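Student: Supplied in structure tokens, the structure appears directly below.
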Amino acid sequence: MSLPTQIRVITGTDTDVGKTHATAHIAARYLAAGHTVHVDKPVQTGVADGAETDVQTVRRLLGAPAALTCTEGVRLEPAMAPVDAARLTDSRLPDLSWQLARLERVVSGDVLLIEGAGGVSVEMCPGTDMADLARELSVPLDVVARPGLGTQNHTLLTLEYAVRRQVRLGALIVCRVPAEPDPVVQANLTHLRALADRFDMTWGPHIAERTPSPS
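The opening residue of the sequence shown carries number 2 in this note's numbering; numbering runs sequentially from there.
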């Protein structure tokens with residue numbers, strides 16, 4: 002089985018910036034356009050005590066439509082970076098070639114969305130991060146950023162890192178934008194828009210804290 006022609010790798014400027022919510026939003030847009038969508042999480046950490054995983058969150062937010070399928074590569078209980086979680090649990094993380102072969106086996110749908118863990122430089126296995134995955138697949142890297150204080154620095158560092166790794170950048174997505182942005186958020190959105198232009202990225206969409214819908 003070959004991979005879909007439409008693939009997006011989704012990373013963030015940090016952990017807890019809204020990557021999963023952004024992934025659900027992107028999936029909803031493709032579903033509304035009549036596509037079948039597959040969402041994959043190569044490494045999922047923080048699943049102790051039956052916690053909901055990221056792909057499960059995507060399915061719940063979208064109402065588990067038939068046109069949406071989801072998979073995970075590896076699950077680790079500790080809520081830590083994958084390499085650290087694997088070390089703590091004496092587990093072995095599969096390498097990039099294993100992840101790519103797995104995707105070719107399990108992916109269904111004509112759009113594939115791959116959500117990373119943490120920020121762009123967080124390794125999915127020793128020596129390999131989401132920039133490596135995007136470069137290996139020859140697809141753009143979408144970056145999710147937060148709207149609040151610190152985002153200007155974190156976003157610039159993330160984009161510069163991706164460029165140094167010779168990764169093509171896709172969209173710059175700002176998640177959890179309040180309905181009535183305060184002056185800090187307004188200034189940050191202006192700055193991030195300029196960064197998107199500077200790095201030749203698609204700007205947006207802004208995503209509020211609401212449940213996406215494929216309809």
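Cβ atoms here follow ideal geometry from the backbone N, Cα and C, with glycine treated the same way. Given the structure is predicted, the values throughout are model-derived calculations rather than measurements.
State yes or no: is the C-beta of T149 within less than 9 Å of the C-beta of V185?
Tutor: As a position in the sequence shown, residue 149 is number 148, starting the count at 1. As a position in the sequence shown, residue 185 is number 184, starting the count at 1. Note on identity: in this sequence residue 149 is Gly, with Thr being the wrong assignment. It is a contact, given that the beta carbons lie within the stated cut-off.
Student: To the nearest angstrom, how far is the alpha carbon of K20 from that of E53?
Tutor: Here residue 20 corresponds to residue number 19 of the sequence shown, with the count starting at 1. Here residue 53 corresponds to residue number 52 of the sequence shown, with the count starting at 1. C-alpha separation (whole angstroms): 15 Å.
Student: Nearest-angstrom Cα distance between R30 and Q7?
Tutor: Indexing the sequence shown from 1 puts residue 30 at position 29. Indexing the sequence shown from 1 puts residue 7 at position 6. Distance between the alpha carbons of R30 and Q7 is about 13 Å.
Student: What's the C-alpha gap between S216 and L63?
Tutor: Here the question's residue 216 lines up with position 215 in the sequence shown. Here the question's residue 63 lines up with position 62 in the sequence shown. With a pLDDT of 42 at S216, under the threshold of 50, the modelled position of this residue cannot be trusted; read the value that follows with caution. Whole-angstrom Cα-Cα distance: 9 Å.
Student: Let's see if you can read the secondary structure: which residues bound the beta strand (DSSP E) around H39?
Tutor: Within the sequence shown, numbered from 1, the residue matching residue 39 stands at position 38. V38 to T46 is the span of the beta strand (DSSP E), which, as asked, contains H39.
Student: Quick check on the burial criterion: 16 or more other C-beta atoms within 10 angstroms. Buried or exposed for G35?
Tutor: As a position in the sequence shown, residue 35 is number 34, starting the count at 1. Exposed: under 16 other Cβ atoms inside 10 Å.
Student: Using the Cα positions of H207 and D15, report the straight-line distance between them to the nearest angstrom.
Tutor: For the purposes of this step, residue 207 is taken as residue 206 along the sequence shown, with counting starting at 1. For the purposes of this step, residue 15 is taken as residue 14 along the sequence shown, with counting starting at 1. Each residue's alpha carbon lies about 17 Å from the other.
Student: How long is the line joining the alpha carbons of H22 and D96, rounded to whole angstroms?
Tutor: Looking up residue 22 in the sequence shown gives position 21. Looking up residue 96 in the sequence shown gives position 95. Taking the straight line from one Cα to the other gives about 27 Å.
Student: Going by CA-CA distance only, name the one from S109, D133, A180 and V164 that's closest to G117.
Tutor: Sequence index remark: in the sequence shown, residue 117 carries index 116 (1-based). With distances taken between Cα atoms, G117 lies closest to D133.
Student: From V84 to C126, what distance separates their C-alpha atoms?
Tutor: Taking the sequence shown and counting its residues from 1, the one referred to as residue 84 is at position 83. Taking the sequence shown and counting its residues from 1, the one referred to as residue 126 is at position 125. When rounded, the distance between both Cα atoms is 6 Å.
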